Structures are given as structure tokens and as C-alpha cells.
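Quick notes on the structure that follows.
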Amino acid sequence: MRKWTPLTFVVNLVQAFVLTLIGILSVFVPRRFRSKSVTGEVALVTGAGSGIGRLMAILLAREGCHVICWDVNRKGNDETVAAIQRLKGQAHGFVVDVTKREMVYEMAAKIPEVTEGREVTILINNAGIVIGEHLENASDEKIKLLMDVNTVSHFWTVKAFLPGMTRAKKGHIITIASSAGLIAATDRMVPYFTSKFAAVGFDEALYLELQFTNRSYIKTTVVCPFFINTGMFDGAASILPILEPGYVAEQVIAAMKANEEVLILPGWVWIFPIIKALVPRKVSRALCRAFAFDEGMSNFRGRNPAESADKKST
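For the sequence shown, the positions run 1 to 314 when the UniProt record's numbering is used.
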């Protein structure tokens with residue numbers, strides 16, 4: 001166990017200051033100068049059957065990755081694989097329910113059979129569902145499914161592929177969370193907000209564990225977008241612009257290639273968690289009402305979680 005001393009304390013403070021300066025300066029360096037090549041890597045996307053999952057899978061194929069598509073929706077997943085193959089890319093699809101731990105491990109073990117033994121070195125945990133109901137009206141089954149898809153599944157996928165990344169001495173784990181993982185801003189969303197806060201926390205804790213176990217060669221990126229126009233939030237109202245799936249997918253892949261650790265879309269959403277940390281909760285409530293967030297889910301339709309599991313993510 002490393003012994004604490006005043007000297008090590010000062011050294012680490014100086015290191016933190018230097019890293020802060022580097023982080024600030026890197027913002028002004030265009031991504032194209034910070035971008036890494038992912039050609040030849042094996043990339044796995046959960047929820048690849050539609051939405052931004054499909055778009056990210058196609059973009060990864062265009063980058064030269066061998067893409068593994070996971071989804072519970074066989075038809076949608078097959079369509080994604082076919083789209084990649086039409087572009088002369090490499091892709092294989094597997095029907096996987098990421099909420100089933102043993103299935104995740106079993107299907108993960110089959111991947112080297114189609115990749116000539118290569119390890120998965122890019123993992124995008126994209127699967128997600130939403131419940132737009134008041135907590136007391138949401139069934140226990142819906143809540144459990146939502147938590148299993150949006151959060152708990154990340155444990156199983158990372159446990160399945162982290163050993164291979166360690167052996168390969170390279171890797172990147174992308175968590176598609178949400179701006180809902182930074183601040184709770186509307187009602188009818190208690191389970192969803194909870195799951196996304198947990199996903200953000202999972203990424204942060206995983207990052208630190210990789211750093212403290214000398215595996216900084218495995219990168220992590222957490223993505224926190226505002227509402228995305230995928231149909232997942234059909235009926236939700238917002239006075240702020242809804243993000244387009246193509247834009248979000250492009251930003252995620254670009255951020256991953258630039259080894260960015262946090263991606264918030266749009267960027268100004270950063271201001272909300274900062275305000276939350278500085279003001280009383282009553283002020284946050286007033287601001288949410290100012291942006292009409294309090295009525296945002298009043299006409300929510302969305303999808304049945306049982307039908308949309310592993311398809312969409314925000």
C-alpha cells in the first residue's frame with residue numbers, strides 16, 4: 001500500500017494542475033489532429049438494430065472496423081449488418097438480450113470465431129429504453145427491465161470484454177448515457193433518470209479503476225446527449241432543439257477517436273449540472289419550469305419497453 005506523505009500530496013496536486021492545463025488547451029486543438037486510427041479493430045455495438053446504434057455501427061465499418069452487432073431485434077439487426085456489407089464492410093450480427101448475463105458471456109465467447117481470433121477492442125454500450133410514467137404507476141417489471149437494460153447490462157458486457165482488451169493492451173469502452181444522467185429536470189422519469197445517473201457513475205468508476213490498475217491504455221468515453229429524434233421519446237415536448245441521430249452518431253465516433261472522456265451534446269448542457277451544484281434545489285426547480293421541462297413528458301408516448309429493449313439509446 002502506497003504511503004501518504006506531504007511530498008506525494010504536493011506532487012499529485014501539481015500533476016492535477018498540469019493535467020487541467022493540458023485538458024483546457026486540448027479543447028482548442030481540432031479533433032483531426034488528436035484522432036487515432038481504429039482500422040482493423042473489432043467493435044461491438046449493443047442496440048445496433050436501429051437508431052443511433054445502427055448509425056454508429058455503419059460509421060465504425062466505414063472507419064475500417066469489423067463490427068459486431070448485438071440486438072434483441074433480429075430483423076433490425078440483420079438490416080444493419082446488410083447495410084454494412086453493402087458498403088463492403090465487415091459485420092456479423094448476433095441476437096443477444098443484454099439483460100441476460102449468461103447469454104452475454106456465451107455470445108461474447110463466440111465472437112473470435114468470426115473475427116479470426118481478434119479481441120473486441122471497442123465496446124459501445126448503447127442499448128436503452130425509457131419509461132414515461134409517474135413512479136407509483138410504473139409496474140415493477142418495467143422498472144426492473146429498464147434498470148437491467150440501461151445500467152446493469154454494462155457490468156456484463158464490460159466483464160465479458162475487458163479481459164480481452166487487457167490482453168490486447170488496447171481498448172475503448174463507450175457508455176451512451178444521457179443528459180438525464182447529469183440533472184433530473186422533469187417528472188414521470190424517476191426510473192430513467194436513476195438508470196442514467198448510474199450509467200454516468202459506472203463510467204467514472206470504471207475509468208478510475210482502469211487508471212489505478214495501470215490499464216490507462218483502455219480508454220473510456222461517456223456520452224450525455226439531450227433528447228434524440230429516434231422515436232424513443234415520441235410525444236415528449238421541449239423548447240430546446242431535439243438532436244438528430246446522424247449528428248449524435250458522428251459526434252460519438254469522433255469523440256471516441258479523439259479519446260475524449262466526456263461528450264455532452266449540445267455542449268452548453270454543461271451549464272445545468274454546474275448550476276445544480278451551486279444553487280438550492282428550489283432554484284433548479286424554477287429553472288426547469290422556465291425551460292418548460294416540468295411539462296415535457298405530459299404527452300409522452302414512446303415505446304413499450306418490452307418491445308424496444310436493446311434498440312435505442314439516449
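Every residue, glycine too, gets a C-beta built ideally from N, C-alpha and C. Quantities reported herein were computed from a predicted structural model and do not represent experimental measurements.
Original post:
Are the Cβ atoms of leucine 182 and valine 200 separated by less than 8 Å?
Top reply: Yes, they are a contact pair.
Original post:
Exposed or buried, what is isoleucine 68 when buried is set at 16 or more other beta-carbons lying within 10 Å of its beta-carbon?
Top reply: Its Cβ being crowded by 16 or more others within 10 Å, isoleucine 68 is buried.
Subject >> Residues that leucine 59 bridges to, as DSSP identifies them >> reply: Answer is none; leucine 59 lacks a bridge partner.
**OP:** For tryptophan 270, collect the residues of the same chain with a Cβ closer than 7 Å to its Cβ; drop the 5 residues on either side in sequence, then sort them by chain order.
**Re:** Ile264.
Subject >> Straight-line gap, arginine 34 to arginine 285 (C-alpha atoms, nearest Å) >> reply: Rounded to the nearest angstrom, the two C-alpha atoms are 39 Å apart.
Subject >> Cβ shell of asparagine 229 (< 8 Å), same chain only, five flanking positions each side left out >> reply: The answer, listed in chain order, is Ile242, Leu243, Glu244, Pro245.
Subject >> Nonlocal neighbours in the same chain, by C-beta distance under 7 Å from glutamine 251, ignoring five residues either side >> reply: Closer than 7 Å at the Cβ level, and outside the excluded window around glutamine 251, lie Leu263, Leu265.
**OP:** Please say whether isoleucine 218 and leucine 208 have beta carbons closer to each other than 8 Å?
**Re:** The answer is no: Cβ separation not under 8 Å.
**OP:** Consult DSSP for aspartate 97 and reduce its assignment to one of helix, strand or coil.
**Re:** Correct three-state label for aspartate 97: coil.
**OP:** Tell me, to the nearest whole angstrom, how far the beta carbon of arginine 167 is from that of valine 42; I am working on the premise that it is less than 8 Å.
**Re:** About 13 Å; that fails the 8 Å criterion.
Original post:
How many angstroms separate the CA atom of alanine 16 from the CA atom of arginine 74?
Top reply: Those two C-alpha atoms are separated by around 47 Å.
Original post:
Can you tell me whether DSSP reads isoleucine 124 as helix, strand or coil?
Top reply: If DSSP states are grouped into helix, strand and coil, isoleucine 124 belongs with the strands.
Original post:
Are the beta-carbon atoms of alanine 198 and threonine 151 separated by less than 8 Å?
Top reply: A distance below 8 Å separates the beta carbons of alanine 198 and threonine 151.
Original post:
Leaving out five residues before and five after serine 216 in sequence, what residues of the same chain have Cβ atoms less than 8 Å from its Cβ?
Top reply: Same-chain partners within the cutoff: Leu210.
Subject >> Residue nearest to serine 139 in terms of C-alpha spacing, selected from Val190, His92, Ala258, Phe9 >> reply: Of the candidates Val190, His92, Ala258, Phe9, the one whose C-alpha sits nearest the C-alpha of serine 139 is Val190.
Original post:
Bridge partners of threonine 220, per DSSP?
Top reply: Under DSSP, threonine 220 forms a beta bridge with Ile173.
Subject >> Residues near glutamine 85 by beta carbon distance below 8 Å, same chain, minus five either side >> reply: So the qualifying residues of the chain are Ala91.
**OP:** Report yes or no: do three or more beta-carbon pairs, one from the region 49-67 and one from the region 22-32, lie closer than 8 Å?
**Re:** Because the criterion of three Cβ pairs below 8 Å is not met, the region 49-67 and the region 22-32 do not touch.
**OP:** Count the other CB atoms, across all protein chains shown, that sit within 10 Å of the CB of proline 225; report buried if there are 16 or more and exposed otherwise.
**Re:** Note on proline 225: 16 or more other CB atoms within 10 angstroms of its CB, so buried under the neighbour-count rule.
Subject >> Under the three-state DSSP convention, the category isoleucine 52 falls into >> reply: In the structure shown, isoleucine 52 adopts helical secondary structure according to DSSP, grouped into three states.
Original post:
Skipping 5 residues on each side, what residues in its chain have a beta carbon closer than 7 Å to that of aspartate 148?
Top reply: Hits under 7 Å: Thr99.
Original post:
Thinking C-alpha only, which one of Cys288, Arg2, Ile253, Asn214 is nearest residue 354?
Top reply: The chain is shown only over 1 to 314; residue 354 falls outside these bounds and no answer can be derived.
Original post:
When the Cα atoms are used, what is the spatial distance from isoleucine 124 to lysine 282?
Top reply: If I take the Cα positions, the gap works out to 36 Å.
**OP:** Could you pull the start and end residues of the beta strand (DSSP E) that threonine 186 belongs to?
**Re:** No beta strand (DSSP E) contains threonine 186, which DSSP labels as neither H nor E.
Subject >> Close beta carbons around alanine 108, own chain, < 7 Å, minus the five adjacent residues each side >> reply: The residues are Ala160, Phe161.
Original post:
Do you know offhand how far valine 18's Cα is from serine 178's?
Top reply: If I take the Cα positions, the gap works out to 29 Å.
Subject >> Proximal residues to arginine 188 (C-beta, below 6 Å), its chain only, five neighbours per side dropped >> reply: So the list reads Gly132, Glu133, His134, Met297, once near-sequence residues are dropped.
Subject >> C-alpha distance - isoleucine 173 paired with leucine 25, whole-angstrom precision >> reply: Their Cα atoms are separated by approximately 24 Å.
Original post:
Buried or exposed: where does serine 308 fall if 16 or more other Cβ atoms within 10 Å of its Cβ makes it buried?
Top reply: Only weak support exists for where serine 308 lies, its pLDDT of 46 falling under 50; the coordinates are left without a value.
**OP:** Just the C-alpha distance for threonine 80 and asparagine 126, rounded to the nearest angstrom, thanks.
**Re:** Going from the Cα of threonine 80 to the Cα of asparagine 126 covers about 15 Å.
Original post:
For cysteine 69, which three-state DSSP category applies?
Top reply: In the three-state reduction of the DSSP assignment, cysteine 69 falls in the strand class, which pools E and B.
Subject >> Sequence-distant residues of the same chain with beta carbon closer than 7 Å to residue 358, five excluded per side >> reply: Any property of residue 358 remains undetermined from this structure, which presents the chain solely from 1 to 314.
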